[in-house]
């Protein structure tokens, strides 16, 4: 039980793929110019991640070691195609917004990375929790970046006006430089908080000794 | 002239890294030293040109005649993965130094979304074969340019007193943001 | 003889009197004629923008240094220069809060995140300006003169302006760029004080002139209009973000000139000076690296 | 107006020569006790040949070495050896020294070498054999008196393959404050000329050029008078530090560059200081070894600045006393000029052969500065006379990137200190370059 | 139906074609490599500090695989890494004794005299080059903290007395401080040794006494009292042979100038045979 909890929780903060591991960054930057884009991208990635991790964990014994990477990629690509067709049919607006970054989930390092590092070694149950943790990690990371950029770039959040009407939107936030700068700042903030926590932890430990 | 503008557009105006957000992972990861970044950039450029040709052929001779657009992702990634594997083996044999310098990033070219992204863009814009090659070359060189500029500045940053939380990835993103800001001057150029 | 404790130090034991603060002050003084000219043409707006911008830059720098527990060195004048340069490179109608925001962001993102003075790869004032342009495109391109909104001369054809107007001012544009005369005055002062390397402005302006002749444009108009002259003298000569080698400085100017001409001729932005210099700033480490001077005695043969 | 011979780089510090340039050379009486370090030269240290209690005569050899690159040390007074022990030297480290109690008699040693030159006429033709001159110089223990302290006899014996075209007599004295060379040129021009001719003969040099900085018009005038009948050229070089640097002088006067890591003889040039030429002439005329030299005692920390002919081994204390003592609170005592001189702990250290001056600086002149961040103004790049990028080298050294420092030419640095002098941020440039050089040499030793 | 068939066939053909190309290429460009290197690199700390004497963890791993480097060659990783390495290589672990750094100088601002004031960059190596430093003692600590700056593991700090102190818990014996010190007063020695002669001055007793009140005056009392002959006085300085020291602390008691020091709590670790 403890395993499941730690597998799940680590993806949210300690090993957050976006802020700590710094992988899967292209969509993080590209589609987070509003909160909805970030959220839907996060959910899409999480969806593929969970399915592929589960699947890979299930079939890991059937795949010969030599060809495992191509096999994983094909597997992931399949799920991505399914997702793509689904979105195209039912959520065309979001499909259009995500553009080529939806098919590019195939090469998102998070998914292959989890497949290699975790799902191919661990039992199915743990893989699912790991994928869930990572998935939620991506979702909150992308959504929060999306919210920040949308809030300052347009004064809205998820399309609703939040800022007073006198607020002049800061165009940079929704443009490319804003994406990099927001992510850089977010990474620095997360690093700062983590360092503080680690320091506190170390101090607490020393005091008890 | 058309080719020239296409080429320029791929390098400067629609720079893959700084404007289109493709290939960010290696951009942040391999841009610490000028030598490595040149190597990485050129390897990526090479793969891009080869992959643009290969995916174009696959698209026009397999996927389109047999009406299989839904297999695009799978087919492209297969082709690209094999291409990268070839380059990797080739480099390992011919230039062990370069191979060592690239370290873990060479296999990562497979999962470099810049390559798959380029293949998808080529299909999206229905470029002809020649255009595809030029676009692939331009995109690769644009990637290299961004990488090398970044590496040059990051080598200097070793001597700067950067705030602790920003050291490493944080300042790299800020730097990329400022580079992107500088490149925004090319908007609407072509 | 009574026992005295001497000081030991590694040689050299004497230093030149010039200091970093002196250099910064020289630039500030050189900017004064530009500011005075701006005030003459644009009135109170010029004072408002430059003062707000400078104050914002200085206060932001002090706060950053306090937060980082570093010595507060705002008296070295570098933040003041950033503030003044930014204030002088915006249109006169820019709302006050925007210039305050721009100067603060310029100092934080353009300078303090890179460890303060000396560490920044990009000219902070230009970073501030570029961020303002991308964030507030329309207020940043609203040019007025005598209360009438007009386009910047670059948007119009060359024949509409007399050279003397371009030279002495009285044309629309960012407040600091109107009077070429005042800019040159400041430039000459900086050169006289040994703060300005002639290579960068000369190669920058020269490249633009030559390219505009080749492209069939009026070279004098190209040089005098827009913020080229202002930037070539005050921004391209920024010490921290430009090459340190003589050859590199030529390359810097030529590169900026080429990029500027490309943007002006084919780009959609009315003015590309900011970006041409920012791009060359980005290339500066590479230029330094590949234009190292030949070391004395290298590559010479013995003939004894 | 003739265009001055110039070179790229260099700085213009306040020369401050007015304190002592008009003061004629005074003879300083030999002190009670002299301390003779046994290493006053570049190369192998000498072994003592006297022991405690021995009686020594003036000019007697007290230390010699069997190594090729070395120079013997002679007693500068007559008297009793008090001790043979390590004593602090101007380099800050203890050096084996012979301490001699002066008996005040100045009894010269009897078997003193016969003078090889009979006439002191500066216009005479030197028909002494070159070998003989070299032997005389070697026996007299003459070393480069400009500060280099390289044994002169070794220097005038270039390798077989090289052919010396020019002998450059270096009268630039580019270090601020110092005027010893200037006074030597003005007061002993005949001996400088004679010494130059002897050196040229010894080295087989074809032409002699005397190079003097433009701020010494008097010396130029006097030397030109003596030089003309001897077909010696007197060239005025720009007043700029470090015009007196060997490599800079060759570049300025002959527009030749000494190869990196090489020596001037590789481009057919030898450079000797005017004081060295004077010492050579003295020893050839009198047969007396090098036991005295002209030094400048100056700086605002001294009451009566001046130029003195002092015995080698005279402690700084005696010199300061002779010059009227301190003027105000002395901050730094330097052996040599302010750009490359060595700061001293106390006044017990003795004058050695290469000591060109004793400089007492007060707080006003030698201010303390806190280094500020580098603003990349590139002034250090502009002033570097060997065309390095000191700011880069400093950054590499501070981050222990020795390999990059070597790639950027740290080993070519001549440590003139121009970069540190000019730096508006008062950074410690040359200091870190020195550190890099030391570390690079250490790393080479390891491999 | 036919669509499925076509897609299966086309993907199959594509797959087979690419596989053939890859097989040929892998034959043609085959490079021998030792798979253990990757495993080894995986268990190493990845600090790339170079303490092992190799250019980073990767090259150390390569040296391990060829048997060139000892299994306990990584001081940062310590015993646990040595064990893992030995496991991968299938050899027995050659044992690991943890080293820590010790500062062999007690002459801080309070104890040692100054012969001048130093005005220059705060770097011991440069201060040392400047006339041999500002301290009266030309062997002792210069106090600029270059060793502290060199430490990458937060294991050093300067104390108020101007001397470096070592937090042994953090010390990895990487040797960076040893290399940084121009006076060679920092050494690496086994953690268990508790008695140190904290002076490196070769000055004569009289001279040493003049410049520092805690410097070794070479009185030889420690040499005489040492039951195992671990201390020898040579060239005006007592030196301890740690291999012989049994931490009996007799020398600590007799030292008239308190140069010899015992670190509280570090006791005899091994009994001498027959003792």
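Chains as they are written, first to last, in my numbering: chain A, 184 to 392; chain B, 51 to 240; chain C, 7 to 310; chain D, 40 to 486; chain E, 12 to 286.
Don't be surprised by glycine CBs; every beta carbon is placed ideally from N, CA and C.
| request: Check whether the Cβ atoms of residue 140 of chain C and residue 213 of chain C sit closer than 8 angstroms, and answer yes or no. | output: no
For a minimum of 3 consecutive residues, which ranges assigned as the beta strand (DSSP E) are wholly contained in the segment 146-221 of chain E? 167-169, 175-177, 197-201 and 206-208
Just to confirm, are residue 248 of chain D and residue 292 of chain D a CB contact at a threshold of 8 angstroms? yes
Given residue 410 of chain D, which residues of its chain have a CB within under 8 angstroms of its CB, disregarding the five upstream and five downstream residues?
-> 464, 465, 466 and 467
| If you draw a straight line from the alpha carbon of residue 188 of chain C to that of residue 57 of chain C, how long is it in whole angstroms? | 19 angstroms
* Under 9 angstroms (Cβ pairs) to chain E, residues found in the segment 34-52 of chain C -> none
Using a Cβ-Cβ distance under 8 angstroms, would residue 174 of chain E count as near chain B?
no
Discussion item. Among the candidates E:175, E:268 and E:257, whose CA atom is the shortest distance from the CA of residue 204 of chain E?
Written reply: E:257
Note the first and the last residue of the continuous alpha helix (DSSP H) segment covering residue 468 of chain D. 468-485
Spatial neighbours of residue 55 of chain D in its chain, beta-carbon cut-off 7 angstroms, leaving aside the 5 residues before and after: 215 and 216
In chain C, which residues lie with their C-beta within 9 angstroms of the C-beta of residue 358 of chain A?
-> 140 and 141
- Looking only at DSSP bridge pairs, what is residue 273 of chain E linked to? E:206
- Query: What first and last residue would you give for the alpha helix (DSSP H) that runs through residue 345 of chain D?
  - Reply: Per DSSP, residue 345 of chain D belongs to no alpha helix (DSSP H); it is in the beta strand (DSSP E), 345-350.
Check whether the segment 192-208 of chain D and the segment 238-246 of chain D are in contact - that is, three or more C-beta pairs closer than 8 angstroms. yes
**Study point:** Where the alpha helix (DSSP H) containing residue 357 of chain A begins and where it ends
**Key:** Neither: residue 357 of chain A is in no alpha helix (DSSP H) and is coded neither H nor E.
query = Buried or exposed: where does residue 161 of chain D fall if 16 or more other Cβ atoms within 10 Å of its Cβ makes it buried?
reply = buried
Inset, instruction - Residues of the segment 108-129 of chain E with a CB closer than 9 angstroms to any CB of chain D: list them in chain order, please. - result: 126 and 127
Sequence ranges, alpha helix (DSSP H) only - wholly within the segment 417-466 of chain D, length at least 4 = 418-422, 429-437, 441-446 and 457-461
What residue range is occupied by the uninterrupted alpha helix (DSSP H) comprising residue 322 of chain D?
-> 313-325
In the DSSP assignment, find the unbroken alpha helix (DSSP H) run with residue 163 of chain B in it and report its ends. 163-174
Requested in this report: Report back the beta-carbon spacing between residue 311 of chain D and residue 208 of chain D to the nearest angstrom; my notes put them in contact at under 8 angstroms.
Outcome: 6 angstroms
Open item on the list: Is any non-hydrogen atom of the ligand MG found closer than 7 angstroms to the C-beta of residue 238 of chain B, if you look at the structure I gave you?
Closed with: Among the ligands in the structure shown, none appear at all, so the ligand MG cannot be discussed.
Please confirm whether residue 105 of chain C has its beta-carbon closer than 8 angstroms to some beta-carbon of chain A. no
**Prompt:** Which of helix, strand or coil does DSSP assign to residue 130 of chain D?
**Reply:** coil
- Smallest Cα separation from residue 301 of chain C: which of D:118, D:445, D:181 and D:116? D:445
Q. Going along the chain, which residues of its own chain have a beta-carbon closer than 6 angstroms to the beta-carbon of residue 50 of chain D, five neighbours each way excluded?
A. 280, 422, 457, 460 and 461
Near-chain B residues of the segment 434-460 of chain D (beta-carbon distance less than 8 angstroms), N- to C-terminal order:
434, 437 and 438
What first and last residue would you give for the alpha helix (DSSP H) that runs through residue 86 of chain C?
84-94
Requested in this report: Kindly indicate if chain B contains any beta-carbon less than 8 angstroms away from that of residue 48 of chain E.
Outcome: no
Sort D:296, D:172, D:77 and D:44 by Cα distance to residue 426 of chain D and report the nearest one.
D:296
Is any beta-carbon of chain D found at less than 8 angstroms from that of residue 84 of chain E?
-> no
_Helix, strand or coil at residue 346 of chain A according to DSSP, with G and I counted as helix_ = coil
Residue 206 of chain B burial status per 10 Å Cβ neighbour count (16 or more: buried): buried
I need the DSSP call for residue 146 of chain C, collapsed to helix, strand or coil. helix
**Burial state of residue 286 of chain D (16 or more Cβ within 10 Å)** = buried
- Query: For residue 25 of chain E and chain B, any beta-carbon pair shorter than 8 angstroms?
  - Reply: yes
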